[in-house]
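To start, the structure itself, in structure tokens.
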Amino acid sequence: MDDLNLELEALRAIYTEKELIIEKNDDFCSVEIQITKERDPGFNGANKEETLGPREDIEFIRIRLLLLLDKDYPENSCPILKNVNINLFEGKYFEFYNTTFEEDGNNTNSDFSFEHNNNDEIEINNSTIVSLNSDKVYNYYDEIKNDYIGRVCLFDIIETLLSFIYELPNDLNKQYPCSDLSGNIQYSMASNNESTNNNTFGEDIDDYHADDDKPMFSGLVDRVLCSIEERVTTDEFNAWKEKFRAEMIEKNIWKGEYRELNVLTGKQLFERDSSLIKSDESSSVIEVIQPQK
């Protein structure tokens with residue numbers, strides 16, 4: 001049991017509180033893992049073309065594994081894979097605006113800045129949730145589980161099963177809509193190993209892209225700040241740059257040499273101002289102080 005306690009502590013150090021749930025009593029121990037990540041474009045045969053412009057809802061995969069340990073673990077038994085859930089859904093990270101106010105006399109200026117939620121919490125589009133049949137995962141575990149008897153192996157099993165699920169081929173074709181992901185293991189898909197299915201079906205699978213009108217910005221590459229018609233041209237930008245340069249020189253913020261389009265090299269700076277040479281020579285003198293004996 002000491003080995004089990006150490007193993008559970010190691011799992012707590014690896015996974016977050018949202019990813020790991022452990023229940024333990026005198027007779028058994030249950031370990032539930034829930035991992036949510038952005039869906040790999042190659043998962044399940046998906047070959048979506050990369051396009052510029054705002055993405056709609058991000059595609060996620062959520063995996064839940066429930067393992068049961070009896071008193072004989074790890075010496076004489078391996079963990080029992082009690083339940084597996086694989087769900088695909090669309091969603092987006094919660095976003096918020098940070099607002100600061102600056103008072104300037106009688107005027108109050110507000111500064112809005114966009115920030116991402118550091119907790120990576122996901123707003124799920126329930127109409128897009130799809131559960132995948134998990135028979136392949138159970139069958140795979142049946143083939144390898146005996147190799148784990150006699151040693152602590154929870155982390156190895158979890159990572160092995162997750163890797164197997166991520167690499168499943170595109171013939172994972174049994175897909176069903178479900179109502180939400182708010183519950184725990186109860187909403188699991190029925191399989192050969194788990195014959196009961198208590199799902200309440202939500203909207204029809206044809207509504208998979210129900211929220212297409214809502215823009216989703218996932219990163220700088222995919223983010224469109226404005227429409228093409230509203231963007232400045234090269235000539236407009238160059239005109240603004242020259243006006244800004246002249247204003248900086250007029251206010252003595254920049255020196256007159258900034259009027260030139262080309263930035264001066266170090267050699268040109270030394271040729272123009274001989275005082276820089278003396279300054280450089282004086283700065284190269286280093287006084288060495290001998291330590292006192």
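Residue numbering for the sequence shown follows the working numbering, beginning at 1 and increasing consecutively.
Note that CB positions come from ideal geometry on N, CA and C, so glycine has one too.
Run of the alpha helix (DSSP H) containing residue i, from where it starts to where it stops
{"i": "Arg12", "result": "2–14"}
Distance between residue j and residue i (C-alpha atoms, nearest Å)
{"i": "Arg64", "j": "Asp156", "result": "16 Å"}
{"i": "Leu161", "j": "Ser134", "result": "11 Å"}
{"i": "Val137", "j": "Thr234", "result": "56 Å"}
{"i": "Asn252", "j": "Lys243", "result": "14 Å"}
{"i": "Glu236", "j": "Arg272", "result": "33 Å"}
{"i": "Ala13", "j": "Thr128", "result": "33 Å"}
{"i": "Leu349", "j": "Ile86", "result": "Coverage of the chain is limited to positions 1 through 293, which leaves residue 349 absent and any answer about it impossible."}
{"i": "Val84", "j": "Asn238", "result": "59 Å"}
{"i": "Gly150", "j": "Phe94", "result": "44 Å"}
{"i": "Leu132", "j": "Asp26", "result": "34 Å"}
{"i": "Tyr15", "j": "Glu247", "result": "55 Å"}
{"i": "Thr249", "j": "Thr36", "result": "Just to set this straight, residue 249 is Ile in the shown sequence, not Thr. Cα to Cα, the separation comes out at about 54 Å."}
{"i": "Glu143", "j": "Glu167", "result": "17 Å"}
{"i": "Leu11", "j": "Glu23", "result": "13 Å"}
For residue i, the three-state DSSP class (helix, strand or coil)
{"i": "Val152", "result": "coil"}
{"i": "Leu162", "result": "helix"}
{"i": "Tyr93", "result": "strand"}
{"i": "Asn146", "result": "helix"}
{"i": "Asn247", "result": "Looking at the sequence provided, one finds Glu at residue 247 rather than Asn. Here Glu247 sits in helix by DSSP."}
{"i": "Asn25", "result": "coil"}
{"i": "Glu271", "result": "helix"}
{"i": "Val84", "result": "strand"}
{"i": "Glu242", "result": "helix"}
Nonlocal neighbours in the same chain, by C-beta distance under 8 Å from residue i, ignoring five residues either side
{"i": "Val232", "result": "Trp240"}
{"i": "Pro79", "result": "Val31, Leu67, Leu68, Leu69, Tyr73, Lys145, Tyr148, Cys153, Leu154, Ile157"}
{"i": "Asp3", "result": "Pro74, Val152"}
Where the beta strand (DSSP E) containing residue i begins and where it ends
{"i": "Glu123", "result": "122–132"}
{"i": "Val31", "result": "29–38"}
{"i": "Leu168", "result": "Here Leu168 belongs to no beta strand (DSSP E), and DSSP marks it neither H nor E."}
{"i": "Glu59", "result": "58–69"}
Close Cβ partners of residue i (< 7 Å) along its chain, the five nearest in sequence each way excluded
{"i": "Gly91", "result": "Asp57, Ile58, Phe60, Ile122, Glu123, Ile124, Asn125"}
{"i": "Tyr140", "result": "Phe164"}
{"i": "Ala46", "result": "Low confidence applies to Ala46: its pLDDT is 45, below 50, so where it sits in the model is not reliable, and the reading given next is rough at best. Around Ala46: no qualifying Cβ."}
{"i": "Arg39", "result": "Glu59, Phe60, Ile61, Leu88"}
Close Cβ partners of residue i (< 6 Å) along its chain, the five nearest in sequence each way excluded
{"i": "Leu88", "result": "Ile61, Val130"}
{"i": "Glu49", "result": "Per-residue confidence for Glu49 stands at a pLDDT of 46, beneath the threshold of 50, marking its modelled position as unreliable; the derived number appears in the next sentence. Closer than 6 Å at the Cβ level, and outside the excluded window around Glu49, lies no residue."}
{"i": "Ile21", "result": "Glu32"}
{"i": "Lys18", "result": "none"}
{"i": "Gln34", "result": "Glu19, Arg64"}
Closer than 7 Å: residue i CB and nearest the ligand NAD heavy atom
{"i": "Asn126", "result": "Although the ligand NAD was asked about, the structure shown includes no ligands whatsoever."}
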